[in-house]
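Numbering (our numbering), first residue to last: 4 to 164. Where a beta carbon is used, it is the ideal one built from N, C-alpha and C, also for glycine. Note that the structure is predicted; figures quoted are calculated from it, not measured. Structure first, then comments.
What follows is the structure, encoded as structure tokens:
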């Protein structure tokens with residue numbers, strides 16, 4: 004039989020935002036991605052939000068896709084609404100160029116989905132072959148062109164002309 008001993012002298016350590024360093028240097032974030040995550044959670048809603056979030060994005064570019072998704076989700080859920088929106092704006096206005104395959108794939112998937120929604124709304128059927136072609140595309144410029152063409156297309160051929 005296994006007996007567990009709990010000491011009355013053991014207490015959990017609690018760390019507040021003040022104990023977490025503010026990571027604003029992308030190189031530092033790349034060297035310590037988990038510290039960048041903690042910094043973004045602790046300071047991403049503060050006055051240094053933009054450099055903290057930019058450093059986080061650099062860190063996400065160097066970790067594997069599964070960890071990047073987990074870290075990004077964790078940070079986004081922990082940030083106050085204003086900071087979440089700031090991060091979205093930061094990514095949308097092009098001040099940060101996506102480096103990771105994770106981010107590039109995520110953006111491409113969103114653009115492909117936009118194409119499907121527009122075509123569906125216009126009543127244009129999408130074959131499995133066409134769907135595969137659109138999903139396989141990772142060129143944001145090409146996807147943007149297809150989104151624009153989808154808005155005025157009357158047939159699927161208009162998308163690719």
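Please report how far the alpha carbon of residue i lies from the alpha carbon of residue j, in whole angstroms.
i, j, result
"residue 149", "residue 121", "10 angstroms"
"residue 130", "residue 138", "12 angstroms"
"residue 43", "residue 64", "15 angstroms"
"residue 111", "residue 13", "49 angstroms"
"residue 52", "residue 74", "17 angstroms"
"residue 68", "residue 60", "13 angstroms"
"residue 156", "residue 17", "58 angstroms"
"residue 46", "residue 78", "11 angstroms"
"residue 31", "residue 58", "8 angstroms"
"residue 141", "residue 108", "7 angstroms"
"residue 38", "residue 84", "22 angstroms"
"residue 113", "residue 160", "21 angstroms"
"residue 98", "residue 90", "With a pLDDT of only 48 at residue 98, under 50, the local geometry of the prediction cannot be trusted, and the value read off the model is given with reservation. About 11 angstroms."
When DSSP labels each residue in this structure, what does residue i get in the three-state scheme?
i, result
"residue 48", "coil"
"residue 125", "coil"
"residue 118", "helix"
"residue 130", "coil"
"residue 144", "helix"
"residue 135", "helix"
"residue 35", "coil"
"residue 158", "coil"
"residue 76", "helix"
Could you check how far apart the C-beta atoms of residue i and residue j are, in whole angstroms? I think they sit under 8 angstroms.
i, j, result
"residue 36", "residue 66", "5 angstroms"
"residue 118", "residue 153", "5 angstroms"
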